[in-house]
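Undergrad: Here it is: the structure, laid out below.
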C-alpha cells in the first residue's frame, strides 16, 4: 500500500470513487433488479464451488470404499450443481445486462436531453462529431464496464473469499500452504497496477494524439499537398505512430508477464499442495480427494487474478469515458426559463429592442446600443452590409443568445422573463438555409407534433404554394425527405419552410431571406406565398428581395452594429444616406434586371 | 480473399516474431501438458503408498516446469501481441501515406469522420485478429492435439467417454454463432441509426430551438434508444446462454470422468490418479473451448475491416506524377491556359465549371481574376497546382503540359494561398515555416511584415510561439488569412496564387498588404483572385469570369472605359468603400 503516499494516486482514487458514485445514481431506479442479480452471484458461486467438494467426497468416501450407490448420489448432486450453476450464470449475466442496458439508456437519454438545453453558443464552440461520440461511443465503453469490468471485479472478489473460506474449513495447514504465494502475488499485482496505470495513461494520450493529427491532416490535406509536404507530415505521423506502438509494446510485456506469472504461480501452488498434501495423505490424515479438491480450488482461485489486467484496462477507459460524459452533463444550461417565467396573455405581437449590446467574443461588440420598436402587425425590413449585425439581431429575438446590456421585450415582457418554450412558439423563424429533418414531409411541416390534423398541414401547404409540387410526388405528404432535405430544390425548401410557419401560426415572423437564386416561376410562387404568410403578423425580415423592402412598412438600417436610419423606402431614399447607397449596391441591380427582363429577355447575348 | 493477400505481406514482414512466438507457444503448451502427467505420477505414488521423497521429486519438477512455463509464456504472448502492434503500426502508416496521395476530389466525396473511423476502428479490428486472434488460433489446435494424444495414451475408452459431449458442444457453438452474429449486426445498425439521429439533431439545432422541438426530438431519441436497448438485450440473452452452456458442457465432461472413472477404479482397472489427470486436461481445454466462437468472430471482424481498408488502399491516386516525370527547374517563360474546360465530378447536371479558358501568365507579370461567386475563379486557381485535373485542353508551364511534370516539382513552384485559410494546431512559427525544413528568423520576420501580421504578433503574449487552436480557431478570420499568406511567402515561390485570400481582411489593411507585396512581387509571377476590384486593378491583365467563361479582358482602364460588367463591379466597389467610411 506504499503507493497511497503518491498524491496523484490518491487523487485518482478519489476521483474514480466520485465517478462511480455518480454512475450509481443511474442504477438506483433499478436497484431491486440490481440487488437481485447480485444475490444470484453467491448462489452461482456456491453451485460452482460445490463441485470440487463433491469430487472430494466421491473420491475419498465412495470410490475408495467401492460404494457404487454413493458414487451415483454424488454424481447426481454434481449434475445438479452443474445445472444450477449454468442457470444461475445465465440469469446473473442477463439480469446484470438488463440493469446495465436500462441505466445506460437512461444515461444516453439524459445526455441527449441535456444537450437540447444547451445554448447555441455551446454548439458554436463544440463540433457535432464530438457530441455524437459522447452519446454513443462513450456510453458503449461504460457498457463494457458492466459486462467485464466492475461487476466481474466484485464477483471475483467474492469468489476469492469463498475459496479461502472453504480451503480453511477443509484443512487449515493445507490452505496455508496452497495460499503461500498470495503475498508475493499481491505485491506483484500491485506493482503491475502502478506501472500499468502510467502506461495505460500514456497509451490513451498517444492514441488521442494520433487521432487528432489524423483528423487535422485529413481536413488540411489540400494544404499538405499544395506545399508538397507529404514526406514531412508522414515522418511526423510515423513518429506519433511509433510512440503509440512502443507504449503498447511495453504494456504487452507487463500484461504478458502478469498473466504468465499468475499462471505459473497457480502451478507452483499445486506443486506445494502435492508436496505437503502428499505427506498428509501418506500419514493417513487426509484422503486423495482432499488434494484433488484443493487443486480445483487453486485453479478457480487463480483465474480471476490472471484476468485482472484486462479488467483493469476496461475500468480505466470506462472511467475516462465517464469523466467526459459527466463533464458534458455538468455544462451549465445558461439559457433557460427563469423560475418565475411568465406567459403574457393576451399576446401582442409587439417587439422592443432597448439599448441592446451584444458580443460573441469579449471586446468585439456586434450590436452597440440597438433600439427600435415594432408595433403589432407591422412589417419591418432589416437592411445593412455584411457584418452589420442583422442576423445577430434576429437570433436575439428568440433568445438563442443572451444579451449583455439593455433589454429585448416581446409583448411587453423581457425575453429573459418569458417561458422560453412559449416565447419561441410565438415566433416563427425562416432561415436562409432551410433545414429539413429526415422523415416525411408531414413530419417536417408539423415538426413532429402528431396532434396537428392533416387538414391543417394540407391547408398550410396550399397557402404556401407548396402543395402543387408535393402532390406531384408519388407519396405526396408521406414522401421521404433525405438527410438535410437534399432531394428538394432550394426553392422547394423555401416553400416548405413557409408552409411550416403557417402550420404553427406564430404571431411574429422572423425571416432571413435566401440569397440563392431560384427560377422565375418558383420565385413568383415564393413571393406570392410570402405575402400571404406575412399577412396579419408582425414581421421582421432581413430583406434580399426588392419586393420585400418595397412592401415593408418601415426599414431599419443597421450599420456596424448600430441603428443608423429608420423610415420608409421613400423617406430613406430622399435622405441620401446609408440606405441610399445600400439600395444602389444591393437592390438597384435587381430593379434594372427586372426592367430589362420585361423588355428584352436576355442581358448578355 | 484478396484482402488476405495484402495481410500476408505484413505477416511475412514479422515472420521472425511470429515464428519465435509460435515456438514459445509450443514450449508453453508442452510444459502445460506435461504438468497433469506429473501430477498423475505423484498421485499414483500416494495411491500406491510410495515414499514422500518420490512425491517431492514430482512436486519439484512441477514447480520448475511452472517457473519455466511462466518465462516462456511471457515471451510467447509479448512476441505475438507485439507483432500484432507492429502490423497495426505499418498498416496505419501505409494508410496515411496513401491518403496523402489521394486528390481533393476523394476528400470532397467522403466525410472526415467516416475516414477517421475507418482508420481507427478498422485498423484496430485487424490488429486484434493478428495479435490475440493468431495466438488463440495457434493455441487451440495445439492444446487439443496435445491433450488428445496424452489422454488417448492414458486410456482410450475413458478419452472417448470424456469427449462424448463434444459433438453437442460443436453443435451448440455452430447454432449460436450465426444468431449471435445477426444479433450483434442488429445492435450495430441500431447504434448507427441512433448516431445519425443525434448528428441530425445537432446539425439542425437552430430549427429545433426556434420551434421548441426539444421535447419531441428527445421523445424520438428515447424511442430509438429503447429499440437499441431491446436489441442489445437480445444480444445479451444469446451471449448469456452461450457462455454457461459451454461451461456446462465442460463440467459435464468432468462429471463423466468422475462417474465412469469411479466405476472403473472400483473395478480395479483404473487409478484415481488417472481421474485426476483427466480432470486436469479437461480444465486445460476449458478456455480454448469457450473461446471457440469468439475466435471466429475475431477473424470475421478482422477480415471485414481489412476489406474496408483495402477499398482505400486500392483507390488509385487520380492525380500523380507520371512515371517518367519531367523535372522542374525554376520558371523561365510562364504559365499558360489553353482551351481549358473543367467539370466537377459531383456536379450531376454536367454543367462545366470552366469552358474554353485561354490566357497566359508570363514570368514577372500578374493576372487578376474577378467575377461573381461560382463564376469559376477559384477553379482556375485550383487547376494550376493540379488539385484537380482539366477535363479538356491543357495548362502549360514553360511550354510543358503540367500533367507531364513532376507533381512535387510543380507544386514547389507555386505559392498558393487558399480561400479557406487552414492552419494546423501548432505554433504560428511552425505553421509559417510549414513549407520548408529550415527557415531563418529574418525570413520569417520578412514574410510576417509583408503579410501585416506583425501588429498582431505584438499583441500575442508568446509572439510567433503562440499556439493556434484546431484549424486556427483562436485567430480571427483576417489573422488566419494573413498567416496563410505569410506561410506562402516564406516559401519564396516563383509563382504566387492568391485565391481571394484576403476576403476577411479589411480594405485598409488589404491595401497596405498589396502595397507591400508589390515590391516582393516585382520579379514574381502572380495570379490574383479577388472579389474586390482594388486587389486586381493593378494587374497586367484582368479577366472577368461569368458562368465559367471569360466575358471581358484587358487592363483596368480599358475595362472601366468599356462600361461592361467590370465597370459595374468597380462602381459597386466604390459605393461599398464609401459605405465603410460612414
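Residue numbers (the working numbering), protein chains in the order written: chain A, 1 to 605; chain B, 606 to 1187. All C-beta atoms, glycine included, are put in the ideal place defined by N, C-alpha and C. All values derive from a computational prediction rather than experimental measurement.
#1: Keeping to the same chain, check which residues put their C-beta closer than 8 Å to that of residue 478/A; ignore five residues upstream and five downstream.
#2: I'd like to know whether the C-beta of residue 279/A is nearer than 8 Å to at least one C-beta of chain B.
#3: Taking beta-carbon pairs under 8 Å, can you tell me which members of the region 354 to 378 of chain A lie near chain B?
#4: Tell me the rounded alpha-carbon separation between residue 295/A and residue 263/A.
#5: Where residue 1007/B and residue 994/B are concerned, what is the direct C-alpha to C-alpha distance, given to the nearest angstrom?
#6: Determine the extent of the beta strand (DSSP E) in which residue 352/A is found, giving its start and end residues.
#7: What does a CB cutoff of less than 7 Å around residue 863/B pick up in its chain, not counting 5 residues either side in sequence?
#8: Any residues in the region 1159 to 1183 of chain B with a beta carbon nearer than 7 Å to a beta carbon of chain A? Which ones, in chain order?
#9: I'd like the list of long-range same chain contacts for residue 8/A, defined as Cβ closer than 7 Å, with 5 residues on each side in sequence excluded.
#10: To the nearest angstrom, report how far apart residue 786/B and residue 902/B are at their CA atoms.
#11: Using the Cβ count rule (16 or more neighbours within 10 Å means buried), how would you classify residue 418/A?
#12: Does residue 381/A come out as helix, strand or coil in the three-state DSSP assignment?
#13: In the structure shown, what three-state DSSP assignment does residue 971/B receive?
#14: Could one say the Cβ of residue 204/A lies closer than 8 Å to chain B's Cβ atoms, at least one of them?
#15: Which residues in the same chain have their Cβ closer than 7 Å to the Cβ of residue 962/B, if we skip the five residues on either side of it in sequence?
#16: Between which residues of its own chain and residue 460/A is the CB-CB distance below 7 Å, once the five residues before and five after are set aside?
#17: Which residues of chain A have a Cβ atom closer than 7 Å to the Cβ of residue 725/B, listed in chain order?
#18: From the DSSP output, which residues share a beta bridge with residue 440/A?
#19: In its own chain, which residues sit with a C-beta less than 7 Å from the C-beta of residue 574/A, not counting the 5 before and 5 after it?
#20: Around the C-beta of residue 1023/B, are 16 or more other C-beta atoms found within 10 angstroms, so that it is buried, or is it exposed?
#21: Less than 8 Å between the CB atoms is what I'm expecting for residue 233/A and residue 217/A, so what's the real figure, rounded?
#22: I'd like to check one pair, residue 370/A with residue 562/A: are the Cβ atoms closer than 8 Å?
#23: From the DSSP output, in three-state form, read off residue 964/B for me.
#24: Can you give me, in chain order, the residues of the region 233 to 249 of chain A that have a beta carbon less than 8 Å from any beta carbon in chain B?
#25: Determine the direct distance from the alpha carbon of residue 754/B to that of residue 904/B, and round the result to whole angstroms.
#26: Can you tell me whether residue 1173/B is buried or exposed? The criterion is at least 16 other CB atoms within 10 Å of its CB, across all chains shown.
#27: DSSP three-state label for residue 512/A, please.
#28: Got a sec? Which residues, its chain only, sit under 8 Å from residue 111/A by beta carbon, not counting five neighbours each side?
#29: Using the rule of at least 16 other Cβ atoms within 10 Å of the residue's Cβ for burial, across every protein chain shown, is residue 957/B buried or exposed?
#30: Flag residue 257/A as yes if its beta-carbon sits less than 8 Å from any beta-carbon of chain B, otherwise no.
#31: Under the three-state reduction of DSSP, which class applies to residue 2/A: helix, strand or coil?
#32: If you drop the 5 nearest sequence neighbours on each side, which residues of the same chain put their C-beta closer than 8 Å to that of residue 224/A?
#33: Note down, in chain order, every chain B residue with its Cβ under 8 Å from the Cβ of residue 117/A.
#34: Which one or two residues does DSSP pair with residue 606/A in a beta bridge?
#35: With 8 Å set as the bound, which would you pick, yes or no: does the beta-carbon of residue 921/B sit closer than that to a beta-carbon of chain A?
#36: Looking at the C-beta of residue 786/B, does it have a partner C-beta in chain A at a distance below 8 Å?
TA: On the basis of the supplied data:
#1: Within the first chain, residue 478/A is the residue found at index 478, counting from 1. 440, 441, 442, listed in sequence order.
#2: As a working note, residue 279/A is residue 279 in the first chain. So, interface residue.
#3: none
#4: The count along the first chain starts at 1 and reaches residue 295/A at position 295. The count along the first chain starts at 1 and reaches residue 263/A at position 263. So the alpha carbons of these two residues sit roughly 13 Å apart.
#5: One-based indexing of the second chain puts residue 1007/B at position 402. One-based indexing of the second chain puts residue 994/B at position 389. Looking at the two C-alpha atoms, the distance is approximately 9 Å.
#6: As a first step, residue 352/A is located in the first chain; it is residue number 352 there, counting from the start. From DSSP, the beta strand (DSSP E) with residue 352/A extends over 351 to 359.
#7: Along the second chain, read from residue 1 onward, the residue named residue 863/B stands at position 258. Cβ neighbours of residue 863/B beyond the five flanking positions: 880.
#8: 1177, 1180, 1181, 1183
#9: One-based indexing of the first chain puts residue 8/A at position 8. With a pLDDT of 40 at residue 8/A, under the threshold of 50, the modelled position of this residue cannot be trusted; read the value that follows with caution. Correct list: empty, nothing qualifies.
#10: Here residue 786/B is taken as the residue at index 181 of the second chain, counted from 1. Here residue 902/B is taken as the residue at index 297 of the second chain, counted from 1. Whole-angstrom Cα-Cα distance: 8 Å.
#11: As a working note, residue 418/A is residue 418 in the first chain. Classification of residue 418/A: buried, given that the 10 Å Cβ count is 16 or more.
#12: Translated into positions along the first chain, residue 381/A becomes position 381. Of the three classes helix, strand and coil, the one that applies to residue 381/A here is strand, per DSSP.
#13: Against the second chain, residue 971/B aligns to sequence position 366. The answer is strand: DSSP assigns residue 971/B an E or B state.
#14: Here residue 204/A refers to the residue found at position 204 of the first chain. Judged by the 8 Å Cβ criterion, residue 204/A is not in contact with chain B.
#15: As a working note, residue 962/B is residue 357 in the second chain. 942, 945, 985, 1155.
#16: Indexing the first chain from 1 puts residue 460/A at position 460. Once the five neighbours on either side are set aside, the close Cβ partners of residue 460/A are 445, 499, 502, 503.
#17: The count along the second chain starts at 1 and reaches residue 725/B at position 120. By Cβ distance, chain A contributes 211.
#18: Counting from one through the first chain, the residue named residue 440/A turns up at place 440. In the DSSP output, where bridge partners are listed per residue, residue 440/A has 480/A.
#19: One-based indexing of the first chain puts residue 574/A at position 574. Excluding residues within five positions, none has a Cβ falling inside 7 Å.
#20: As a position in the second chain, residue 1023/B is number 418, starting the count at 1. Residue 1023/B comes out buried.
#21: What you label residue 233/A is simply residue 233 of the first chain in a count that begins at 1. What you label residue 217/A is simply residue 217 of the first chain in a count that begins at 1. Their Cβ separation, rounded to whole angstroms, is 6 Å, which keeps residue 233/A and residue 217/A in contact under 8 Å.
#22: Here residue 562/A is taken as the residue at index 562 of the first chain, counted from 1. Here residue 370/A is taken as the residue at index 370 of the first chain, counted from 1. Going by C-beta atoms, residue 562/A is nearer than 8 Å to residue 370/A.
#23: As a working note, residue 964/B is residue 359 in the second chain. Residue 964/B falls in the strand class under three-state DSSP.
#24: 233, 234, 237, 238, 241, 242, 244, 245, 248, 249
#25: Translated into positions along the second chain, residue 904/B becomes position 299. Translated into positions along the second chain, residue 754/B becomes position 149. Computed Cα separation, rounded: 28 Å.
#26: Working through the second chain from its first residue, we reach residue 1173/B at position 568. That one is exposed.
#27: The count along the first chain starts at 1 and reaches residue 512/A at position 512. Reduced to three states, the DSSP call for residue 512/A is strand.
#28: Position 111 of the first chain holds residue 111/A. Excluding residues within five positions, the ones whose Cβ falls inside 8 Å are 134, 135, 139, 325, 328, 329.
#29: The residue labelled residue 957/B in the question sits at position 352 within the second chain. That one is buried.
#30: Residue numbering aside, residue 257/A sits at position 257 when the first chain is read from its first letter. For residue 257/A, the answer is yes, since a Cβ of chain B falls inside 8 Å of its Cβ.
#31: Within the first chain, numbered from 1, the residue matching residue 2/A stands at position 2. Confidence in residue 2/A is poor, its pLDDT being 32 and thus under 50, which makes the residue's placement too unreliable to answer from.
#32: To locate residue 224/A, count along the first chain from 1; it is residue 224. Counting only Cβ-Cβ distances below 8 Å, and skipping sequence neighbours, we find 217, 230, 233.
#33: Here residue 117/A refers to the residue found at position 117 of the first chain. Ordered by position in chain B, the residues that pass the 8 Å Cβ test against residue 117/A are 819.
#34: No answer is possible for residue 606/A: the residues shown for chain A start at 1 and end at 605.
#35: Indexing the second chain from 1 puts residue 921/B at position 316. False, the Cβ-Cβ gap to chain A never drops below 8 Å.
#36: Residue mapping note: residue 786/B aligns to position 181 of the second chain, counting from 1. With 8 Å as the cut-off, residue 786/B does not count as an interface residue toward chain A.
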